[in-house]
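Counting in full-length UniProt numbering, the sequence shown runs from 1 upward without gaps.
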Amino acid sequence: MASQPHSKKRICYYYDGDIGNYYYGQGHPMKPHRIRMTHNLILNYGLYRKMEIYRPHKATQDEMTKFHSDDYIKFLRSILRPDNMSDYNKQMQRFNVGEDCPVFDGMYEFCQLSTGGSVGTYGVSLTICSNQY
């Protein structure tokens with residue numbers, strides 16, 4: 001069996017400088033500031049020269065509802081702050097939001113950036129795959 005020539009692989013990732021400003025709360029293992037720290041290491045070690053870095057767009061409600069129910073996305077939009085979450089106890093139970101998935105300031109925007117990166121990655125993957133054949 002003849003070996004196929006190795007094509008040069010593209011390494012890319014999505015990063016938005018605002019992502020490290022979000023805070024899940026004390027004691028929660030998710031620490032978005034670690035994403036910023038990782039990005040800074042990539043820059044300081046010069047690894048960025050060997051990869052492509054994209055900035056994610058904020059996903060639209062339409063993009064988010066391709067993967068989640070309309071009710072869930074509307075709920076995330078309405079519960080933007082920890083100070084109004086007591087008004088949404090029933091929905092918090094329904095959507096399993098609270099302890100493991102805490103409410104924090106800017107939660108919906110964080111979800112938009114995270115989803116935007118995922119949607120963007122899908123688009124880049126399609127482009128790479130279509131260019132290989």
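The C-beta atom is built at its ideal place from N, Cα and C for all residues, glycine as well.
For clarity, every value in this text was computed on a predicted model and none was experimentally measured.
request  = State the Cα-Cα distance for the pair Gln93 and His28, rounded to the nearest angstrom.
outcome  = Spanning the two alpha carbons is a distance of roughly 19 Å.
task = Rounded to whole angstroms, what's the CA-CA distance from Phe95 to Arg77? Just pull it up for me.
result = Using only the alpha carbons, I get a separation of about 13 Å.
task = Report buried or exposed for Pro56, applying the criterion of at least 16 other Cβ atoms within 10 angstroms of its Cβ.
result = Buried, because 16 or more other Cβ atoms sit within 10 Å of the Cβ of Pro56.
key: Ile53, enclosing beta strand (DSSP E) - first and last residue   = Ile53: member of the beta strand (DSSP E) spanning 52-54, first to last residue.
Ile79 versus Ile35: straight-line alpha-carbon distance, rounded = Whole-angstrom Cα-Cα distance: 24 Å.
task = Express the C-alpha separation of Tyr48 and Ser130 in angstroms, rounding to a whole number.
result = Below a pLDDT of 50, predicted positions are generally treated as unreliable, and Ser130, at 42, falls in that range; the measurement from the model is reported next regardless. When only Cα atoms are considered, Ser130 and Tyr48 end up about 24 Å apart.
ask   = Excluding sequence positions up to five away, which residues of its chain have a Cβ less than 6 Å from the Cβ of Pro82?
value = Closer than 6 Å at the Cβ level, and outside the excluded window around Pro82, lie Val103.
key: Alpha-carbon spacing of Asp71 relative to Val97, whole angstroms   = Distance between the alpha carbons of Asp71 and Val97 is about 14 Å.
key: Nearest-angstrom beta carbon gap, Thr115 and Glu52 [assumed within contact, 8 Å]   = Actually they are not in contact, since the Cβ atoms of Glu52 and Thr115 sit about 20 Å apart, beyond 8 Å.
inquiry  = Output needed for Leu126: all residues of its chain with C-beta closer than 7 Å, excluding positions within five of it in sequence on either side, in chain order.
reply    = Confidence at Leu126 is low in this model, with a pLDDT of 43, below 50, so its placement is unreliable and no value can be given for it.
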